[in-house]
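Structure first, then comments.
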Amino acid sequence: MQFDGLHAVADYAALYTCLRQVAFADFLRGRLGTFEARCDPAERAVVFTATSACGQDGQHDSVRSRATLIAVIEADAIVWGWAHPRGEPAGPAAALRDVGARFGVDDFAAPRVSLPPNPSRDQAVDCRAEAIDIVAAAAVESTGISPYWTGRLENGELAVYLLDDVALPEPSFADFATAMPTVMRSLAVNDHRVAIHGMAARRGWHISWRAGSDCGRSPICDVTDGESVAHVEFDRRARPVDFTCELVGQA
């Protein structure tokens, strides 16, 4: 699935967004154990509730967050939150529209973005999952808000929400280094180099590039927070093929 306009924004925040989702999942599991989630459209909130009662009073612990509808993934299109009946025409949802207008990215400025036509059942599932990843990363980059949550509406469509009052620690260099080998290969990006550069820039880490063994066709990037260092080697199609890291203070 190709959405070059969306990727131009989403790729920069894709790795950061992924690590924020990992931290969010860890937070919910640590706080609630097993849980279920529901959206409260009237209050524009998402509530995560533990499935098991805790304490003598039998109450179920919960986490509640304000939620902004960013997009709805329909069977054949992405509908932006600012244009959807359940969304808001202003506020964070409109940030993506503003990005589209500012940089001439039609996919953000149009109310609907068509998905590939006539997919098979498996292709449809994969396409919607990829669309969620791209939309969420673009929203995080455009608004600075994270994490996000995806819920199913009554008609089966998927809604993507940004959660703007969940306090999570920022990804550490150790988080980045630990996740890199598996996460980078699963990111829905056009250019993994952009994802790493965006992560480093957001966290204030230094990133430099050098030529690989084939005279620069396969570059290597070095990322450091001033103590630990990560090295990522890419093939000629800008895909990560090797990763090493020297973590300071790690057993």
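The numbering of the sequence shown is the working numbering, which starts it at -18 and goes up by one. Cβ atoms here follow ideal geometry from the backbone N, Cα and C, with glycine treated the same way.
For the alpha helix (DSSP H) containing residue i, list its first residue and its last residue.
i, result
"R241", "Absent from the structure is residue 241, since the part of the chain shown begins at -18 and ends at 232."
"E122", "R102 to T124"
"D93", "The sequence given here has Arg at residue 93, not Asp. First-last for R93: R93 to S95, but that is the beta strand (DSSP E), not the alpha helix (DSSP H)."
"F154", "F154 to S167"
"H(-12)", "D(-15) to L13"
"V80", "A74 to F84"
"D87", "D87 to A90"
Could you name the residues of the same chain whose beta carbon sits closer than 8 Å to that of residue i, not counting the 5 residues immediately before and after it, in chain order?
i, result
"L139", "V53, I54, R109, I113, T131, G132 and R133"
"D201", "For the record, residue 201 in the displayed sequence is Ile; it is not Asp. Closer than 8 Å at Cβ, skipping near neighbours: W190, R191, A192, G193, H212, V213, E214 and F215."
"R1", "V121, S127, P128, L149 and P152"
"L(-13)", "V86, D88, F89, V94, I115, V116 and A119"
"G14", "A31, T32 and S33"
"C226", "A158, M161, S209, V210, A211 and H212"
"D156", "L0, V3 and A4"
Short of 6 Å in beta carbon distance, which residues of its chain neighbour residue i, apart from the five on each side in sequence? Order them along the chain.
i, result
"F154", "D206 and S209"
"S123", "A76, L77 and V80"
"D57", "L96"
"C20", "V27 and G132"
"R(-9)", "One detail in the question is off: residue -9 reads as Ala in this sequence, not Arg. The residues are I115, A118 and A119."
Taking C-beta to C-beta, are residue i and residue j nearer than 8 Å?
i, j, result
"A18", "F29", "yes"
"E(-3)", "G179", "Looking at the sequence itself, residue -3 is Tyr, so the reference to Glu does not match. Going by C-beta atoms, Y(-3) is nearer than 8 Å to G179."
"V175", "Y(-7)", "yes"
"W61", "E69", "no"
"R67", "P97", "no"
"H41", "A26", "no"
"L50", "A158", "no"
"S43", "V147", "no"
"A242", "V204", "Nothing can be reported for residue 242, as the shown portion of the chain is limited to -18 through 232."
"A(-5)", "A169", "yes"
"F84", "P162", "no"
"A219", "H173", "yes"
"N99", "D(-15)", "no"
What span of residues does the beta strand (DSSP E) with residue i cover, start to end?
i, result
"V204", "I201 to T205"
"T30", "A26 to A31"
"A211", "V210 to F215"
Could you name the residues of the same chain whose beta carbon sits closer than 7 Å to that of residue i, not counting the 5 residues immediately before and after it, in chain order?
i, result
"I126", "P73, L143 and D145"
"G230", "none"
"F16", "L9, F29, T30, A31 and T32"
"P92", "V60, W61 and A64"
"A(-11)", "V86"
"C(-1)", "V164 and L168"
Secondary structure at residue i, three-state DSSP: helix, strand or coil?
i, result
"A232", "Confidence at A232 is low in this model, with a pLDDT of 48, below 50, so the placement of that residue should be treated as unreliable; the coordinate-derived value is given next. Of the three classes helix, strand and coil, the one that applies to A232 here is coil, per DSSP."
"E227", "strand"
"D42", "coil"
"V170", "coil"
"G132", "strand"
"A64", "helix"
"A71", "coil"
"D21", "strand"
"L139", "strand"
"S189", "strand"
"R218", "coil"
"T147", "The amino acid occupying residue 147 in the given sequence is Val; Thr does not appear at that position. Coil, per DSSP."
"A34", "coil"
"A56", "coil"
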